[in-house]
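Let me begin by presenting the structure, written as structure tokens, before commenting on it.
Protein chains: 2
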Amino acid sequence: MTESEFELIATYFTERKFKRGDYVVRQGIKVDHTFFVVEGMMKLIFDDESGKEHILSFAMENWWETDYLAFHKRTQATMSLKCLEDTTVICLSFEDYHNLCAAVSKMEHFFLNKATSGHLASQQRILSLLASTAQERYFKLIHNYPSLTKRVSKSQLASYLGLSRETLSRLYKGK
Amino acid sequence: MTESEFELIATYFTERKFKRGDYVVRQGIKVDHTFFVVEGMMKLIFDDESGKEHILSFAMENWWETDYLAFHKRTQATMSLKCLEDTTVICLSFEDYHNLCAAVSKMEHFFLNKATSGHLASQQRILSLLASTAQERYFKLIHNYPSLTKRVSKSQLASYLGLSRETLSRLYKGK
DNA sequence: TTTTACCTGTGACCCATATCACATTTTTCA
DNA sequence: TGAAAAATGTGATATGGGTCACAGGTAAAA
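Residue numbers (our numbering), protein chains in the order written: chain A, 19 to 193; chain B, 19 to 193.
If you want it as structure tokens, here you go:
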């Protein structure tokens, strides 16, 4: 990517800073942007009717995240994006996302790669939900993302894995 | 899309026909192609150590499917793609996939859309595995894909939903 | 530094779903 | 068309993981 391409691309972006606990996207509110994490960490969550929170993903440095369904369908969020740490993001609006793809085919290629690997990762997660026990899923997670387990609480991990914090706590007796 | 674009694109594709029960991709064998379903139906499955089959997706007409992880990483399949009906597919090799994207930016755009919607669908499925009961998942499925439930057996649906066929059978007493 | 909120572990008990076993019906294809 | 294979329903029983409850620990914020 050349200097001039980089400068062009930079004009599409806006930087914003959030505090731990802040919502970047909130359930019920229209989603106009997708966000790139420069520094910090967020979680993409769904709060169900019973008040339970489910974690769809953790977004760390260099990840793009938003409520993609709402972003692409131009609707209200059904999920929220909440900061687990003070976080700096770069914002890209829906319009600019498409303008950028049209203007710079390298960016379209880049987003294709992102979408593909996102799809792959989700598929692997579905597989582990279908085929693995709670224990296997937990050990696979700490094996594949050791840094994650150092940055988030056990309760958060439990919610990501789809189990109760009590059950997670019982999985590593003496481990 | 113009006539000449269409003709160019067509040169990248090869048609193949398979019988019900045939494997299009087989666990352990290198994956060189992605497949577009012209007619028929396939399932993407993972067979675990205990011999249990898990269904990752059903590929019906107009869907692209393969073991994407193996396809993109240029490795052996960890999943299989098996025909549920006699099926006609169009094959696109890894090389041609990239050549085509580079040659025809509309195709790259098209694949970006596919990957994005694939990612969205997977995310919704993860959410339903995390947040919904077996019953809710089953009723959501027949609501969202009524045609699917008419083409595949209950055991296959159970496997897709991540539950035993016995449990599925007990979910619709009087329904 | 103190207060307050959040996080973690653990026991007791419960329930949704799995497993096993068997009978019956439906579909496939030779 | 007839035999073999696959799909389905249903009872009995087992179990992984959830829920509730409480206590002690750790971190954040005023």
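Note that the Cβ used here is the ideal one computed from N, Cα and C, for glycine as well.
Below 8 angstroms CB to CB, which residues in the same chain sit around residue i once its five sequence neighbours on both sides are set aside?
i        : result
A/ILE47  : GLN94 and ALA95
B/GLU184 : none
B/GLU71  : ILE63, PHE64, ASP65 and SER177
B/GLY39  : LYS100 and CYS101
Using the C-alpha atoms, what's the distance from residue j back to residue i?
i        : j        : result
A/TYR190 : A/LEU148 : 21 angstroms
B/GLU83  : B/PHE54  : 6 angstroms
A/LEU186 : A/GLY69  : 20 angstroms
A/SER171 : B/ILE63  : 34 angstroms
B/ARG169 : B/SER182 : 19 angstroms
A/ARG188 : B/MET59  : 43 angstroms
B/LEU179 : A/GLN141 : 14 angstroms
B/TYR41  : B/LYS100 : 4 angstroms
B/TYR156 : B/THR167 : 10 angstroms
B/ARG198 : B/PHE76  : Chain B is shown only over 19 to 193; residue 198 of chain B falls outside these bounds and no answer can be derived.
B/LYS61  : A/HIS51  : 35 angstroms
B/LEU138 : A/HIS137 : 8 angstroms
B/SER165 : B/SER150 : 22 angstroms
B/GLY192 : B/MET97  : Note that B/GLY192 scores 46 on pLDDT, short of 50, meaning its location in the model is unreliable and no value can be drawn from it.
B/ASN162 : A/ASN117 : 32 angstroms
B/VAL43  : B/ARG92  : 13 angstroms
A/TYR115 : B/SER146 : 28 angstroms
B/LYS158 : B/ALA133 : 23 angstroms
Among the options, whose alpha-carbon lies nearest the alpha-carbon of residue i?
i        : options                                 : result
A/ASN131 : A/GLU103, A/TRP81, A/LEU175 and A/ASP50 : A/TRP81
B/SER135 : A/TYR86, A/GLU23, A/GLN45 and A/LEU99   : A/TYR86
B/LYS37  : B/ILE160, B/HIS90 and B/GLU103          : B/GLU103
A/GLU67  : A/MET19, A/ALA139, A/GLN45 and A/LYS91  : A/GLN45
A/GLU22  : A/ALA121, A/THR151 and A/SER98          : Reading off the sequence shown, one finds Ser at residue 22 of chain A, where the question assumed Glu. Comparing Cα-Cα distances from A/SER22 to each of A/ALA121, A/THR151 and A/SER98, the minimum goes to A/ALA121.
B/HIS90  : B/VAL56, B/VAL49 and B/ASN162           : B/VAL49
B/VAL56  : B/LEU145, B/LEU74 and B/MET78           : B/MET78
B/PHE112 : B/ALA133, B/SER98, B/ALA88 and B/MET97  : B/ALA88
Considering only residues of the same chain and omitting the five flanking positions on each side of residue i, which have a CB-CB separation below 6 angstroms?
i        : result
B/SER173 : ARG183
A/LEU175 : none
A/ILE206 : There is no way to answer for residue 206 of chain A, as the model of chain A reaches only from 19 to 193.
Please go through the same chain and pick out, in chain order, the residues whose beta-carbon is closer than 7 angstroms to the beta-carbon of residue i, but skip the five residues on each side of it.
i        : result
A/GLN153 : LEU189
A/CYS119 : MET125, GLU126 and PHE129
A/ILE160 : THR167
B/MET19  : LYS124
Assess, as a yes-or-no matter, whether the stretch 20-29 of chain A is touched by the stretch 108-125 of chain A under the definition of 3 or more beta carbon pairs within less than 8 angstroms. yes
Counting only Cβ-Cβ distances shorter than 8 angstroms, please list the residues of the stretch 143-168 of chain B near chain A, keeping chain order. Flagged, chain order: ARG143, ILE144, LEU145, LEU147, LEU148 and ALA149.
Which residues, in chain order, does the stretch 80-98 of chain A contribute to contact with chain B at a C-beta distance below 7 angstroms? TYR86, LEU87 and HIS90
By the 9 angstroms beta-carbon criterion, what residues does the stretch 26-58 of chain B contribute toward chain A? Along the stretch 26-58 of chain B, none of the residues has a CB nearer than 9 angstroms to a CB of chain A.
If you pair each beta-carbon of the stretch 103-115 of chain B with each one of the stretch 32-45 of chain B, do three or more pairs fall below 8 angstroms? Segments in contact, yes.
Residues from the stretch 58-69 of chain A in contact with chain B, defined by Cβ distance under 8 angstroms: PHE64 and ASP66
Under 7 angstroms, CB to CB, which of the residues in the stretch 120-135 of chain B have a partner in chain A? If the cut-off is 7 angstroms between Cβ atoms, the stretch 120-135 of chain B has SER123, GLU126, HIS127, PHE129, LEU130, ALA133 and THR134 near chain A.
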